[in-house]
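Novice: Quick note: to get my numbering, add 259 to the position in the sequence shown (first position is 1). Backbone N, C-alpha and C fix where the C-beta goes; we use that ideal spot for every residue, glycine too.
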Amino acid sequence: MILNFVKQLTLGILFSVIASWPLIAQTFQQISTGPGYQRQSYVDLAAGTEKQVPNTAWDIAFTVYGQQDAGIFINESAGTSMGQPQAALELYDARTSDFSSQPNLDSIRNFRLYNRERNWFYGAFNERRDTTKQTDYGWGTYNFATNQVVGNAVYVLKLRNGQFLKIKIESLIGTTYTFRYANLDGTNEQVKTINKANHPGKVLAYFSFATNDVVDVEPSTGFDLVYCRYTTPQWDSINKVLLQYMVTGILHGRGVQAAKAIGVDPKTVKFSDYQNRLHSELDVIGHDWKTFTGSGWNVPQDRVYFVKTANNRVWKIQFIDFEGAATGNAVFEKTDLGVVSALEAPQAVGLQVLTYPNPVRDRLSVLLEVPSSLAREAQLEVVDLQGRIVNTVRVALVEGFQLLEMSAAEWVTGIYALRLRWPEREVFLGKVIKN
């Protein structure tokens with residue numbers, strides 16, 4: 260059987276990447292969601308490992324990687340049993356800000372919310388936000404006077420066992436989220452807090468209503484890909500409408516970018532032809548690397564994905580096997596293309612930069628002169644020498660001079676790289692020393 264055979268194959272050839280000659284290793288990696296798609300798999304490409312957790316391990320999750328992030332996600336994964344889908348979590352907008360009122364289920368059934376799988380900044384709880392307002396997080400609004408995000412929305416959550424809860428994210432003050440939940444009639448009310456500082460190096464902090472506590476989900480070393488079940492819009496050609504379907508697929512980790520090459524020869528396709536097509540949307544790989552033919556699963560062999568991880572290492576990935584719900588197993592061939600960089604110099608894109616103070620102790624200021632071509636939303640990121648993102652600030656760039664600021668108080672002493680990131684490009688702003 261291919262799954263037992265491919266794990267033992269390893270090939271090596273020499274290849275040049277940016278004036279160096281590392282060994283390119285072509286290896287095979289098996290990942291799995293388990294029989295019936297009952298698990299989520301957090302994948303590390305370099306280590307060739309995965310951490311599997313049950314779909315039911317967590318229910319909602321809060322972003323914890325930066326100071327201005329306030330994304331909140333629901334766990335959309337749901338397995339199958341005897342070919343039938345199992346119950347999934349469902350989130351609804353209760354259309355009120357009053358937690359004391361009892362939501363009317365009939366009146367909110369058309370207001371179900373989903374994760375968009377676009378990025379790690381906004382989840383289903385953020386879907387109510389006004390995208391034209393940087394201070395609007397959907398579940399709450401940022402208050403400049405108090406430097407807090409204050410909740411203004413109540414939601415209804417249907418658990419996998421059919422129980423309904425109402426939930427409100429009360430605030431994000433400093434690094435601490437506060438949220439409350441109860442039965443729809445207000446009984447059994449609970450108030451919980453989650454502190455970002457307690458989850459260093461993680462993307463999300465995961466909460467389970469079954470345990471009434473946070474749970475350990477992500478690998479301690481981070482992850483590049485998530486192999487799991489999630490919902491995504493699919494076009495119903497018969498009824499001419501978009502419907503939300505549960506699919507089995509691959510999502511990116513934070514800071515990961517990918518490009519899809521279709522109709523190519525996997526042996527000869529070059530990353531240089533797709534380097535400018537890298538995108539940060541979480542579902543570039545997605546679910547369509549396999550198709551169901553009626554009698555079984557087919558994996559097209561003219562499709563390759565280039566994946567650039569957060570530390571700028573590029574992998575060429577070709578899926579070669581998928582066994583469906585019987586085992587949940589998938590196999591891909593991966594080729595390590597080495598460390599590359601798509602970082603551009605500020606002058607090359609018409610950007611002028613001044614950072615101060617440098618060395619920095621408590622607060623870093625970044626003065627930019629922004630050309631009109633870059634005047635849009637971006638991410639200002641601080642990266643350590645290991646390629647790990649230690650801080651992120653979401654910024655709305657405007658043409659002309661602009662001052663950006665971020666706290667450096669929690670950085671450890673050392674040297675950091677400062678960069679601006681858009682979905683299609685990255686600009687290196689310079690090095691910053693923390694004293």
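1) Exposed or buried, Arg-635, counting other C-beta atoms within 10 Å across all chains shown (16 or more means buried)?
2) My output table needs one value for Gly-689: the three-state DSSP class, helix, strand or coil.
3) Given this structure, state the Cα-to-Cα distance separating Thr-315 from Asn-442, to the nearest angstrom.
4) Whole-angstrom Cβ separation of Ser-291 and Thr-586, contact assumed at under 8 Å?
5) Please classify Val-500 as buried or exposed, where buried requires at least 16 neighbouring CB atoms within 10 angstroms.
6) Compare the C-alpha of Leu-662 against each of Leu-639, Gly-646 and Glu-669 and name the closest.
7) Can you tell which of Gly-399, His-511, Pro-478 and Phe-687 has its C-alpha closest to the C-alpha of Leu-613?
8) Hey, would you say Asp-303 sits closer than 8 Å to Thr-480, going by beta carbons?
9) Just reading off the beta strand (DSSP E) that Ile-432 is part of, what are its end residues?
10) Could you spell out the range, first to last residue, of the beta strand (DSSP E) harbouring Leu-677?
11) Quick one: any contact between the segment 410-419 and the segment 451-459, if contact means 3 or more CB pairs under 8 Å?
12) Using the beta-carbon count (16 or more within 10 Å), is Asn-457 buried or exposed?
13) So Leu-541 and Lys-575 are in contact, right, with Cβ under 8 Å, and what is the actual spacing, rounded?
14) With DSSP collapsed to three states, give me the class of Tyr-296.
15) Are the beta-carbon atoms belonging to Phe-332 and Tyr-351 less than 8 Å from one another?
16) With a Cβ-Cβ cutoff of 8 Å, do Val-408 and Ala-329 count as a contact?
17) Consult DSSP for Thr-394 and reduce its assignment to one of helix, strand or coil.
18) If the criterion is Cβ atoms closer than 8 Å, does the pair Trp-556 and Phe-578 meet it?
19) Are the segment 471-490 and the segment 309-323 touching, with three or more C-beta to C-beta distances below 8 Å?
20) Is it true that the segment 503-523 meets the segment 669-677, where meeting means three or more beta-carbon pairs spaced less than 8 Å apart?
21) Any contact of the segment 397-413 with the segment 340-359, i.e. 3+ C-beta pairs under 8 Å?
22) Should Pro-362 be labelled buried (16 or more other beta-carbon atoms within 10 Å of its own) or exposed?
23) Mapping the DSSP letters down to three states, classify Thr-490 as helix, strand or coil.
24) Using 10 angstroms around the beta-carbon of Leu-364, count the other beta-carbons present and answer buried if the total reaches 16, otherwise exposed.
25) Tell me, to the nearest whole angstrom, how far the beta carbon of Lys-593 is from that of Gln-297; I am working on the premise that it is less than 8 Å.
26) Spatial neighbours of Thr-339 within its chain, please: C-beta separation below 8 Å, excluding the five flanking residues on both sides.
27) Between the beta-carbon of Phe-581 and the beta-carbon of Val-558, is there less than 8 Å?
28) Compare the Cα-Cα distances from Arg-684 to each of Ala-517, Pro-525 and Val-691 and report the closest residue.
29) Could you say which of Trp-494, Ser-539 and Thr-491 lies nearest to Arg-680 if we only look at CA atoms?
30) Output the distance between the C-alpha atoms of Trp-494 and Gln-503, rounded to the nearest integer angstrom.
31) For Gly-689, which residues from the same chain have a beta carbon less than 7 Å from its beta carbon, with the 5 sequence-adjacent residues on both sides left out?
32) Within its chain, find whatever has a CB closer than 7 Å to the CB of Asp-395; leave out the 5 residues flanking it on each side and keep chain order.
33) When you compare only the Cα positions, how much space is there between Arg-647 and Ser-496?
34) Applying the criterion that 16 or more other CB atoms from any shown protein chain within 10 Å of the CB defines a buried residue, is Gly-399 buried or exposed?
35) Kindly provide the ranges of any alpha helix (DSSP H) runs that are 4 or more residues long and lie completely inside the segment 329-371, ordered along the chain.
36) Below 8 Å between beta carbons: does that hold for Asn-694 and Arg-620?
Specialist: The relevant details are as follows:
1) Exposed, since its Cβ has fewer than 16 Cβ neighbours within 10 Å.
2) In the structure shown, Gly-689 falls within a strand segment according to DSSP collapsed to helix, strand and coil.
3) If I take the Cα positions, the gap works out to 20 Å.
4) With 8 Å as the limit, Ser-291 and Thr-586 qualify as a contact, their Cβ atoms being about 7 Å apart.
5) Burial state of Val-500 is exposed, judged by a 10 Å Cβ sphere holding fewer than 16 other Cβ atoms.
6) Of the candidates Leu-639, Gly-646 and Glu-669, the one whose C-alpha sits nearest the C-alpha of Leu-662 is Leu-639.
7) Ranking Gly-399, His-511, Pro-478 and Phe-687 by Cα distance to Leu-613 puts Phe-687 first.
8) Contact annotation: Asp-303 and Thr-480 have beta-carbon atoms nearer than 8 Å.
9) 423-432 is the span of the beta strand (DSSP E), which, as asked, contains Ile-432.
10) Boundaries of the beta strand (DSSP E) around Leu-677: 673-681.
11) Output reads no: the segment 451-459 does not touch the segment 410-419.
12) By the 10 Å Cβ count, Asn-457 comes out exposed.
13) Contact flag wrong, Cβ pair sits at about 20 Å.
14) Tyr-296: helix per DSSP, three-state reduction.
15) Not closer than 8 Å, so no.
16) Taking C-beta atoms as the reference points, Val-408 and Ala-329 count as a pair closer than 8 Å.
17) Here Thr-394 sits in coil by DSSP.
18) Not closer than 8 Å, so no.
19) As far as the Cβ criterion goes, the segment 471-490 touches the segment 309-323, which means the pair count is three or higher.
20) No: fewer than three Cβ pairs fall under 8 Å.
21) Result yes; three or more Cβ-Cβ pairs closer than 8 Å.
22) Label assigned to Pro-362: buried.
23) Of the three classes helix, strand and coil, the one that applies to Thr-490 here is strand, per DSSP.
24) That one is exposed.
25) Beta-carbon to beta-carbon, Lys-593 and Gln-297 are separated by about 25 Å, too far to satisfy the 8 Å threshold.
26) So the list reads Gly-295, Tyr-296, Gln-345 and Ala-584, once near-sequence residues are dropped.
27) Contact check for Phe-581 against Val-558 passes: the beta carbons are separated by less than 8 Å.
28) For Arg-684, the nearest C-alpha among the options comes from Ala-517.
29) Of the listed residues, the one whose Cα sits closest to Arg-680 is Ser-539.
30) Roughly 9 Å separates the two Cα atoms.
31) For Gly-689, where only same-chain residues beyond five positions count, the Cβ hits under 7 Å are Val-612, Thr-614 and Leu-677.
32) The beta carbon of Asp-395 sits closer than 7 Å to the beta carbons of Arg-388 and Asp-389 from its chain, once the five residues preceding and following it are set aside; these are given in chain order.
33) Each residue's alpha carbon lies about 43 Å from the other.
34) By the 10 Å Cβ count, Gly-399 comes out buried.
35) Qualifying alpha helix (DSSP H) stretches, in chain order: 364-367.
36) The answer is yes: Cβ separation under 8 Å.
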